[in-house]
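Chains as they are written, first to last, in my numbering: chain A, 1 to 193; chain B, 1001 to 1205.
Beta carbons are placed, not taken as given, at the ideal position from N, Cα and C, and that holds for glycine.
Quantities reported herein were computed from a predicted structural model and do not represent experimental measurements.
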Amino acid sequence: MSRNDGQSTPLRRRPSRTVPASIVGILLLAAGVALVWLTVARLMDGTWSTLLQGPRDWLAVLAWNGPDVWGVGIAAVVVGLILLLCALIPGRFNALTVRDADDAGVGVRANERETVMTSRAVAQVAKAQCARIDGVRSASATATDKRVHLSVKTSLRNTGDLSTRVTDGVRERLNAIGLDPVPHVTATVESKR
Amino acid sequence: MRQTAGTLNRTLLAILGILVLAAGLALLLQASGILPTLANTPPAGRKVVSGDLHPFFSQPSAVSVLLVIGVLTAVLALVWIIAQIPRKNPADAYRLDDDGAQGRTICDPSVLATAVENQVNTLPGVVGSSAMLRGTAEEPDLTLKVTVNDRADVRELLRHLESSTLPDLSAALEAPLQRRRLQIDVSGRTQSTGIVAHSTGVVLK
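Have a look at this one:
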């Protein structure tokens, strides 16, 4: 349930599984509405809807060891495993922790502080820092909570130590920001002339 | 800033997953003939529905039970879907002072949040900010999102926040902050307020 207690929650969190939850919620809602509609129609008309004739005939000839039961069983196992994996696979954190200022703590209890930088922000900083390095023509960056990867395009014929300069420069910038821990920085350099 | 139903989703998905998985395994064991040897279930070759369903589902009580199940399923599913909408979960009005017969002083937390935003927006490198106050007047709980440009000195920004903005808020409330959560975002936009100008270049002699 969504909170309604007027308290904050951690900003650095794992995915909230909104998509699978919404899909299952909509399916359950559809099933509930269909059941209500069928039973209300039965109470008003005195007979079950003709829509149920097909399932009724199917159930009447169904044997426990029939292929349909096997199919339903396998489908249920697969769906159950997917739902369990959706619930149990933790997923990546959405943000990276930043060290607090050295003189922090004025008016704030030490164990109640949280400073984060979103993965998207880290990627943006890495890309901007990379673009300032001599020899870099263009760059794109992706970031997770543990690593930053840069794809660099250069006009240089001999890329030489450009990859090292890029990773060192970006790592230095991320360290200066105070990311704790500093994510692993990698780069691929593509020569384009 | 907004809060989602992550714990609820994980819990319900796990419960439903276990139930559906258990039902599927039971069906497979029944179809393979293993379950009838372990428990008192019908043999695998027998039909799933041995009798006529019509008399059973003609009973008013069966229809009523199905109706209740349908309503419960639909309502709970609707509540679950609505819970997916991210919530701000704001605080109630802060009660700053209550002297009974003397009267009382209350403050809308959004007023203080706007003051914090206005102060943060003037800090070097800040492009925009969004503040949310939760908790109570005695135990305020600040969540702050600050968007900076990609050249901003984040350490300097943190020092400014810790040395001026947060103490100012604590002083205004006359209470220390219970929690302080800060999210830093980066934008390619430039600062719209303040006096900071960045320049880079090479001096040739």
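Check	Outcome
Cβ-based contacts, 8 Å cut-off: residues of the stretch 134 to 145 of chain A near chain B	none
Proximity test, Cβ basis, 7 Å: residue 1159(B) and chain A	yes
Runs of alpha helix (DSSP H) lying entirely within the stretch 1092 to 1164 of chain B, each at least 4 residues, in chain order	1109 to 1121 and 1154 to 1160
Simplified DSSP state of residue 44(A), which is helix, strand or coil	helix
Exposure label - residue 1022(B); buried when at least 16 CB within 10 Å	exposed
Same chain only: Cβ atoms within 6 Å of residue 140(A), ignoring 5 sequence neighbours per side	151
Cβ contact check for the stretch 1129 to 1148 of chain B and the stretch 1108 to 1119 of chain B: 3 or more pairs under 8 Å	yes
Close Cβ partners of residue 107(A) (< 7 Å) along its chain, the five nearest in sequence each way excluded	Its pLDDT being 49, under 50, residue 107(A) is placed unreliably by the model, and the measurement read from it follows with that caveat. Excluding sequence neighbours, residue 107(A) sits near nothing in its chain.
Segment limits, beta strand (DSSP E) that includes residue 82(A)	Note, residue 82(A): premise wrong, no beta strand (DSSP E); alpha helix (DSSP H) at 67 to 88.
Min CB distance residue 64(A) to chain B below 7 Å	yes
Straight-line Cα distance separating residue 185(A) from residue 1075(B)	48 Å
Any chain A beta carbon closer than 7 Å to residue 1155(B)	yes
Expected contact under 8 Å - CB spacing of residue 144(A) and residue 1004(B) to nearest Å	20 Å between Cβ atoms; not a contact.
One or two residues paired with residue 190(A) in a DSSP bridge	153(A)
Sequence-distant residues of the same chain with beta carbon closer than 7 Å to residue 10(A), five excluded per side	114
Reduced DSSP category for residue 39(A) - H, G, I as helix; E, B as strand; rest coil	helix
Classification of residue 1165(B) by the beta-carbon crowding that lies within 10 angstroms, buried from 16 upward	buried
At least 3 beta-carbon pairs within less than 8 Å: the stretch 172 to 191 of chain A vs the stretch 122 to 134 of chain A	yes
Cβ of residue 150(A) within 7 Å of any chain B Cβ	no
Test: residue 53(A) CB closer than 7 Å to a CB of chain B	no
Residues of the stretch 1045 to 1074 of chain B with Cβ closer than 7 Å to any Cβ of chain A, in chain order	1045, 1046, 1047, 1048, 1049, 1053, 1057, 1063, 1066, 1067, 1069, 1070, 1071, 1073 and 1074
7 Å Cβ cutoff, residue 1117(B) in contact with chain A	no
Contact with chain A by residue 1185(B), beta-carbon distance below 7 Å	yes
Residue from 154(A), 134(A) and 174(A) with nearest C-alpha to residue 124(A)	174(A)
Close beta carbons around residue 1114(B), own chain, < 8 Å, minus the five adjacent residues each side	1131
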